[in-house]
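Participant: I have a structure here, written as structure tokens, and I will follow up with some questions on it.
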Amino acid sequence: MSIAHDALHEGPSTVRDRLTLDRVLGSAWRAWGRHRTRFLLVGLGSLLATLVADLVVASGFAALGNGALLLAPLRLVPLGMLWTGIAPRILDDLRGTRTPFDLRVACLLMLRSMLGCFVWAFLVGLGVMGLIVPGIVIAVLLYVLVPCLMFNRGKQASLNQAARMTRGYRGRLFVLGLTLCGLRVLIELLNRQVLTALGALVPWLGGGAVGVLTMVVAAAAASLLVGPVVVVTTTIVFHELSPRDPQADIDRVFG
429 MSIAHDALHE GPSTVRDRLT LDRVLGSAWR AWGRHRTRFL LVGLGSLLAT
479 LVADLVVASG FAALGNGALL LAPLRLVPLG MLWTGIAPRI LDDLRGTRTP
529 FDLRVACLLM LRSMLGCFVW AFLVGLGVMG LIVPGIVIAV LLYVLVPCLM
579 FNRGKQASLN QAARMTRGYR GRLFVLGLTL CGLRVLIELL NRQVLTALGA
629 LVPWLGGGAV GVLTMVVAAA AASLLVGPVV VVTTTIVFHE LSPRDPQADI
679 DRVFG
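With the working numbering as the guide, the letters of the sequence shown map in order to residues 429 to 683.
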């Protein structure tokens, strides 16, 4: 039996008892320990894709001006890599199964995860543009939208399912999301403080070099730490709240 499975399914048997901040984060930590090599490899690939995408977009703005906005979707590729490399394995752990690798399935899951990230960010962005609170409400309401889009047919069905699944647990998901956001902010602050101090100690680096280092370290933190934790915790929440068998969805969609 997998570590992630044991962490969630020992002790209390109800979803409400299992879906607590300490249990979800504890399960994510155990999953990291069990699959750290895989997570690091996926994270390194995502980091490389992030740096390449940023370089391409920055070069595009220099050459094309506002037309380079068409290149912005390239930033979805690293997110798709994280979701495709981590989420199916976590679902396998939670179910005690082991699904063989299939390139066709992996490509389709990556495209769906990229679509899910785009739809979630777009809807949350619309809410934030109006007022901050609607954006937060949408973010919590559609907390499991990405795995729903990955493992279900149809955007509308997935939107409806994601909203239904979070009903009754949105307060807990808000706390979980706030905790993960706090982790990201803390890492960013530490990153800036350390690199600012480094720039003061090593004057020859210059402000430009410190700025580049800040961007690279921030991307590394997102790809190697925060990103995988978000994917793992969201997948755990999806599994616990899912009214259907995720593996059956994979077989139905891709079989």
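For every residue, glycine included, the Cβ atom is placed at its ideal position computed from N, Cα and C.
(1) Under 6 Å Cβ to Cβ from F666, same chain only, skipping five residues before and after it: list those, please.
(2) Counting only the same chain and skipping the five closest in sequence on each side, list residues whose C-beta sits under 6 Å from that of S586.
(3) Can you list, in chain order, the residues of its chain whose CB lies under 6 Å from that of G655, leaving out five sequence neighbours each side?
(4) Mark A567 as exposed unless 16 or more other C-beta atoms lie within 10 angstroms of its C-beta, in which case mark it buried.
(5) Please state whether the Cβ-Cβ distance between G563 and S541 is less than 7 Å.
(6) Compare the C-alpha of I518 against each of V470, H463, L543 and name the closest.
(7) What's the C-alpha gap between L617 and G610?
(8) Between the segment 476–486 and the segment 530–545, do at least 3 Cβ pairs fall closer than 8 Å?
(9) Hey, could you find the ends of the alpha helix (DSSP H) S455 is sitting in?
(10) If you reduce the DSSP assignment to three classes, tell me which class C579 lands in.
(11) So does the segment 542–562 actually touch the segment 513–531, counting three or more Cβ pairs closer than 8 Å?
(12) Please report the distance separating the alpha-carbon of L479 from that of V505.
(13) Helix, strand or coil: how does DSSP classify G605 here?
(14) Looking at the unbroken alpha helix (DSSP H) that takes in D520, where does it start and where does it end?
(15) Quick one: grab the DSSP three-state call for W529.
(16) So A668 and R446 are in contact, right, with Cβ under 8 Å, and what is the actual spacing, rounded?
(17) Considering only C-alpha positions, which residue in the set L469, P501, L604 is nearest to F550?
(18) What is the DSSP secondary structure of S541, counted as helix, strand or coil?
(19) Tell me which same chain residues have a C-beta within less than 8 Å of the C-beta of W548, skipping the five on either side of it?
(20) Within the same chain, show all residues whose beta-carbon is closer than 7 Å to that of V688, passing over the 5 residues directly before and after it, in chain order.
(21) Counting along the chain, where does the alpha helix (DSSP H) carrying T662 start and finish?
(22) Among the residues of its own chain, which have a CB less than 7 Å from the CB of A515, if the five just before and after it don't count?
(23) For T465, is the classification buried or exposed, using 16 other Cβ atoms within 10 angstroms of its Cβ as the cut-off for buried?
(24) Go through its chain and collect everything with a Cβ distance to Q589's Cβ below 7 Å, but skip five positions before and after it.
(25) If you count every other CB in all the chains shown that lies within 10 Å of the CB of V625, and 16 or more means buried, which is it?
(26) In angstroms with no decimal places, state the Cα-to-Cα distance between S455 and G605.
Facilitator: For this structure:
(1) V572, P575
(2) Non-local C-beta neighbours of S586 in its own chain, meaning closer than 6 Å and more than five positions away in sequence, comprise C576, L577, N580, ordered along the chain.
(3) L510
(4) Here A567 is buried: its Cβ has 16 or more other Cβ atoms, across all protein chains shown, within 10 Å.
(5) No, Cβ-Cβ distance for G563 and S541 is not below 7 Å.
(6) H463
(7) 10 Å
(8) no
(9) 449–462 is the span of the alpha helix (DSSP H), which, as asked, contains S455.
(10) The residue you asked about is not Cys; residue 579 is Phe in the sequence shown. It is helical.
(11) no
(12) 11 Å
(13) helix
(14) 504–523
(15) A small fix is needed here, since residue 529 is Phe in this sequence, not Trp. Coil.
(16) Checking the sequence shown, residue 668 turns out to be Glu, not Ala. Sure, about 6 Å apart at Cβ, within 8 Å.
(17) P501
(18) Looking at S541 - three-state DSSP - the assignment turns out to be helix.
(19) Listed in chain order, the non-local C-beta contacts of W548 below 8 Å within the same chain comprise A567, L570, L573, V574, local neighbours out to five positions each way being set aside.
(20) Coverage of the chain is limited to positions 429 through 683, which leaves residue 688 absent and any answer about it impossible.
(21) Counting along the chain, the alpha helix (DSSP H) containing T662 begins and ends at 655–669.
(22) P575, M578, V659, T663
(23) exposed
(24) C576, N580
(25) The question names Val, but residue 625 in the sequence shown is Ala. By the 10 Å Cβ count, A625 comes out exposed.
(26) 16 Å
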